[in-house]
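A.B. asks:
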Amino acid sequence: MSGNPQAASLTTRLVGLGSYAPERIVTNDDLCEIVDTSDQWIMTRTGIRERRFAKDSEFTSDMAAEASRRAMKTAGIGPEEIDLLVVATITPDMAFPSTACLTQAKLGLGKVCSFDVEAACSGFLYALDVADALVRARDYRYALVIGSEKLSTIMDWEDRSTCVLFGDGAGAVIVGKGSGAGGELMGFFSEADGSNPSLLCQPGGGSAQPASEDSLQKRQHFLKMNGREIFKVAVRLMERAARKLLEKHGLTPADIACVIPHQANARIVESLAQRLELPIDRFFCNLDRYGNTSAASIPIALKEAYEEWDFNNGDHILMVSFGAGLTWSSGLIRWTK
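Laid out in structure tokens, this is it:
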């Protein structure tokens with residue numbers, strides 16, 4: 011990808027963080043009025059207490075734009091300084107054009123390279139990896155990387171095993187070159203296995219099952235998940251993503267000050283902590299307040315971890331995710347002050 015022989019030696023870093031959560035809070039008790047469930051049932055199995063749902067008039071690109079404005083504000087830069095825009099989402103405003111192009115217009119960016127990445131819950135780390143490589147390879151000043159989801163639009167309210175899990179929201183980061191305060195991007199690890207897509211998917215709406223009366227009656231346009239099997243592979247593959255990246259940099263889990271996992275399920279996070287032999291208090295979790303926001307979960311959590319935890323100079327921060335595809339990914343940050 012790189013046309014710049016010095017790209018590998020360049021330092022890239024996160025210079026701005028932003029997030030957006032819709033105003034509407036939906037508690038477990040609220041869901042009890044819609045589906046046959048209980049607060050205890052949801053909490054015991056997921057660790058989720060509440061989530062946010064966007065308004066009907068609020069789209070994925072709207073949330074992406076607001077999170078981006080906040081990220082640019084913390085970075086102290088304007089829209090005219092953004093040279094690349096990458097959006098990770100599985101709930102685009104429409105099939106095409108891309109949510110990135112729609113977000114570009116809402117932010118008033120220049121005619122910069124803008125595109126979407128679809129890797130489900132691993133989407134943000136996939137997008138950040140791509141943006142980091144492009145910033146290193148080209149003369150881009152700053153890249154804007156966003157994870158934004160309106161998952162409330164693809165939930166099946168007749169399936170209590172899935173509809174209680176997800177929420178809406180967006181997170182954004184600004185990537186720039188050079189040293190200084192912020193999170194230095196050390197590297198990424200990503201893999202995928204498309205041999206069993208039905209474990210977690212939205213079957214309807216694509217070329218395989220275009221919208222029809224039959225697909226609507228069969229509820230094929232809603233999210234489908236085999237939760238039991240997903241749990242089994244998620245923990246194992248997130249551990250793999252974490253260890254592979256750490257080994258590449260000569261580190262062990264014990265060297266990590268903070269782990270920011272994809273916010274899917276408290277049981278998955280607890281099992282990952284056990285497999286990495288790390289205390290659970292090194293894992294930043296906010297899924298109790300937001301649920302699973304797919305590609306938005308890691309950037310939202312990263313921004314809140316920065317605000318709530320006192321990162322020390324030289325701290326290593328590990329981001330790790332797993333999603334439909336199947337996809338799994340990790341990213342490593344070294345914090346500088």
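Add 10 to the 1-based position in the sequence shown for the working numbering, that's all there is to it.
For glycine and all other residues, C-beta sits at the position ideal for the given N, C-alpha and C.
Given the structure is predicted, the values throughout are model-derived calculations rather than measurements.
With 16 other CB atoms within 10 Å as the buried threshold, where does Phe106 fall?
C.D. replies: Under the 10 Å beta carbon count, Phe106 is surrounded by fewer than 16 other beta carbons and is classified as exposed.
A.B. asks: What do you get for Ser29, buried or exposed, if any count of 16 or more other CB atoms within 10 angstroms of its CB means buried?
C.D. replies: buried
A.B. asks: Looking only at its chain, what residues have a beta carbon closer than 7 Å to the beta carbon of Gly118, apart from the 5 residues adjacent to it on each side?
C.D. replies: Pro89
A.B. asks: In angstroms, rounded to a whole number, what distance separates the CA positions of Trp345 and Lys187?
C.D. replies: 15 Å
A.B. asks: Check for me: the alpha helix (DSSP H) holding Ile278 runs from which residue to which?
C.D. replies: Ala276 to Leu286
A.B. asks: Once the 5 residues before and after Glu76 are set aside, which same chain residues still bring their CB inside 6 Å of it?
C.D. replies: Hits under 6 Å: Tyr30.
A.B. asks: Let me check understanding here. Comparing Cα to Cα, which of Leu288, Lys242 and Phe176 lies closest to Gln273?
C.D. replies: Minimum Cα distance to Gln273 is reached at Phe176.
A.B. asks: Please go through the same chain and pick out, in chain order, the residues whose beta-carbon is closer than 7 Å to the beta-carbon of Ser71, but skip the five residues on each side of it.
C.D. replies: For Ser71, same chain residues with a beta-carbon under 7 Å away, outside a window of 5 residues either side, are Asp103, Thr109, Leu112, Thr113 and Lys116 in chain order.
A.B. asks: Look at the alpha carbon of Gly193 and the alpha carbon of Ile308, and state the distance between them as a whole number of angstroms.
C.D. replies: 14 Å
A.B. asks: Does Glu159 come out as helix, strand or coil in the three-state DSSP assignment?
C.D. replies: strand
A.B. asks: From what residue to what residue does the beta strand (DSSP E) around Ile381 run?
C.D. replies: This structure gives no information on residue 381, because the portion of the chain shown stretches from 11 to 347.
A.B. asks: Taking the straight line between their C-alpha atoms, what separation do you get for Ala315 and Val269?
C.D. replies: Roughly 10 Å between the two C-alpha positions.
A.B. asks: What distance in whole Å lies between the Cβ atoms of Asp142 and Val185, which are believed to be in contact at a cut-off of 8 Å?
C.D. replies: 6 Å
A.B. asks: Quick one: Cα of Pro15 to Cα of Ala147, how far?
C.D. replies: A caution first: Pro15 carries a pLDDT of 46, below 50, which makes its placement in the model too unreliable to give a value.
A.B. asks: Give me the residue from Glu128, Asp149 and Thr37 with the minimum Cα distance to Gly157.
C.D. replies: Glu128
A.B. asks: Does DSSP classify Cys295 as helix, strand or coil?
C.D. replies: coil
A.B. asks: The alpha helix (DSSP H) spanning Ile242 covers which residue range?
C.D. replies: The question names Ile, but residue 242 is Lys in the sequence shown. The continuous alpha helix (DSSP H) containing Lys242 extends over residues Gly237 to Lys258.
A.B. asks: I need the DSSP call for Tyr30, collapsed to helix, strand or coil.
C.D. replies: In the three-state reduction of the DSSP assignment, Tyr30 falls in the strand class.
A.B. asks: Is the CB-CB distance between Phe134 and Ala305 below 7 Å?
C.D. replies: yes
A.B. asks: If you run the structure through DSSP and keep just helix, strand and coil, what is Ala334?
C.D. replies: Three-state DSSP puts Ala334 in coil, outside helix and strand.
A.B. asks: Which residue comes first and which comes last in the beta strand (DSSP E) that contains Pro271?
C.D. replies: Where Pro271 is concerned, the enclosing beta strand (DSSP E) stretches over Ile266 to Pro271.
A.B. asks: If we ignore side chains and look at the alpha-carbon of each, how far apart do Thr337 and Val279 end up?
C.D. replies: 17 Å
A.B. asks: From the DSSP output, in three-state form, read off Met165 for me.
C.D. replies: coil
A.B. asks: Do Gly333 and Ser132 have their beta-carbon atoms positioned less than 7 Å apart in this structure?
C.D. replies: yes
A.B. asks: Per DSSP, what kind of secondary structure is Asp126 in: helix, strand or coil?
C.D. replies: strand
A.B. asks: Taking one C-beta from the segment 293–302 and one from the segment 212–221 each time, how about it: are there three or more such pairs within less than 8 Å?
C.D. replies: no
A.B. asks: Relative to the C-alpha of Ser48, which residue among Glu287, Ala98 and Cys173 is closest?
C.D. replies: Cys173
A.B. asks: Find the nearest neighbour of Lys234 within the set Trp167, Glu68 and Thr84, judged by alpha-carbon distance.
C.D. replies: It is Trp167 whose Cα lies nearest to the Cα of Lys234.
A.B. asks: Identify the residues that DSSP records as bridge partners of Lys234: which are they?
C.D. replies: Cys211
A.B. asks: Using CA coordinates, which residue listed in Leu154, Leu24, Gly86 and Gln284 is at the minimum distance from Ser78?
C.D. replies: Leu154
A.B. asks: Use the C-beta contact count for Asn275: other C-beta atoms within 10 angstroms, 16 or more gives buried, fewer gives exposed.
C.D. replies: buried
A.B. asks: So is Ala218 buried or exposed if we call it buried at 16+ other beta carbons inside 10 Å?
C.D. replies: It counts as exposed.
A.B. asks: Nearest CA to the CA of Leu255: which residue from Leu94, Phe199 and Leu286?
C.D. replies: Cα-wise, what sits closest to Leu255 is Phe199.
A.B. asks: With Arg55 as the anchor, note down where its alpha helix (DSSP H) starts and where it stops.
C.D. replies: Asp49 to Thr56
A.B. asks: How far does the alpha helix (DSSP H) with Glu318 in it extend, from its first residue to its last?
C.D. replies: From DSSP, the alpha helix (DSSP H) with Glu318 extends over Ser307 to Glu318.
A.B. asks: Span of the beta strand (DSSP E) holding Val185?
C.D. replies: Asp178 to Lys187
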